[in-house]
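**Q** In the numbering used here, the protein residues as written are 157 to 303. Virtual Cβ for every residue (Gly too), placed ideally from N, Cα, C. Have a look at the structure that comes next, please.
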């Protein structure tokens, strides 16, 4: 993914420990996801090596919603394979867990097409790739896909 982020997002990425070209081995994570009943998309396989393990301790006023902490740790979705698989079927795409938003109030997932989504009893998109990170960091309300 590009490192052409807004100054605010770049600062949040730096604070979380991200560096351009970051690549973490996700072999064990992928095995755990699949053995736990989750589906793993190619988009997840591209996103996770760069961002897994990052924690964003942000707060405050955002653009269209509050800025809230989030973390890219798919293990936090343990036992939620039914939720992710059912919502994936509802939206007609694979939905792989990425972590949590707002200290566990919501899950984060990624679709097969690369959209980063809020997952709860509804699904909403933060956009794909760089746009999703910008929206999460800067406090842009996700667009509801399905309720």
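1) Per DSSP, what are the beta-bridge partners of residue 219 in this structure?
2) At what residues does the beta strand (DSSP E) containing residue 263 begin and finish?
3) Which residues mark the beginning and the end of the alpha helix (DSSP H) in which residue 168 is found?
4) Can you tell me which of 294, 296, 280 and 289 puts its alpha carbon nearest to the alpha carbon of residue 207?
5) Across which residues does DSSP place residue 252 in a beta bridge pair?
6) Please identify the residue among 294, 171, 279 and 224 whose C-alpha is closest to the C-alpha of residue 239.
7) Measure how close the beta-carbons of residue 266 and residue 254 come, nearest whole angstrom, since I'm counting them as under 8 Å.
8) Are there any heavy atoms of the ligand COA lying less than 7 Å away from the beta-carbon of residue 274, as far as the coordinates show?
9) In this structure, does DSSP put residue 301 in helix, strand or coil?
10) Between the alpha carbons of residue 247 and residue 213, how many angstroms are there, rounded?
11) Got a sec, what are the start and stop residues for the beta strand (DSSP E) residue 271 sits in?
**A** Reading it off the structure:
1) In the chain shown, the residue the question calls residue 219 occupies position 63. None, per the DSSP bridge assignment.
2) The residue you call residue 263 lines up with position 107 of the chain shown. Per DSSP, residue 263 belongs to the beta strand (DSSP E) from 262-267.
3) Here residue 168 refers to the residue found at position 12 of the chain shown. Per DSSP, residue 168 belongs to the alpha helix (DSSP H) from 163-172.
4) Locating residue 207 in the chain shown gives position 51, counting from the first residue. Checked all of 294, 296, 280 and 289; the closest Cα to residue 207 is 289.
5) For this step, residue 252 is matched to residue 96 along the chain shown. For residue 252, which the question treats as bridged, DSSP gives the partners 266.
6) Against the chain shown, residue 239 aligns to sequence position 83. For residue 239, the nearest C-alpha among the options comes from 279.
7) As a working mapping, residue 266 is identified with position 110 in the chain shown. As a working mapping, residue 254 is identified with position 98 in the chain shown. With a Cβ gap of about 5 Å, residue 266 and residue 254 count as contacting.
8) The model depicted lacks the ligand COA and carries no ligand whatsoever.
9) The count along the chain shown starts at 1 and reaches residue 301 at position 145. In the structure shown, residue 301 sits in a strand (DSSP, three-state: E or B).
10) On the chain shown, residue 247 is found 91 positions in, with the first residue counted as 1. On the chain shown, residue 213 is found 57 positions in, with the first residue counted as 1. So the two alpha carbons sit approximately 30 Å from each other.
11) One-based indexing of the chain shown puts residue 271 at position 115. From DSSP, the beta strand (DSSP E) with residue 271 extends over 271-275.
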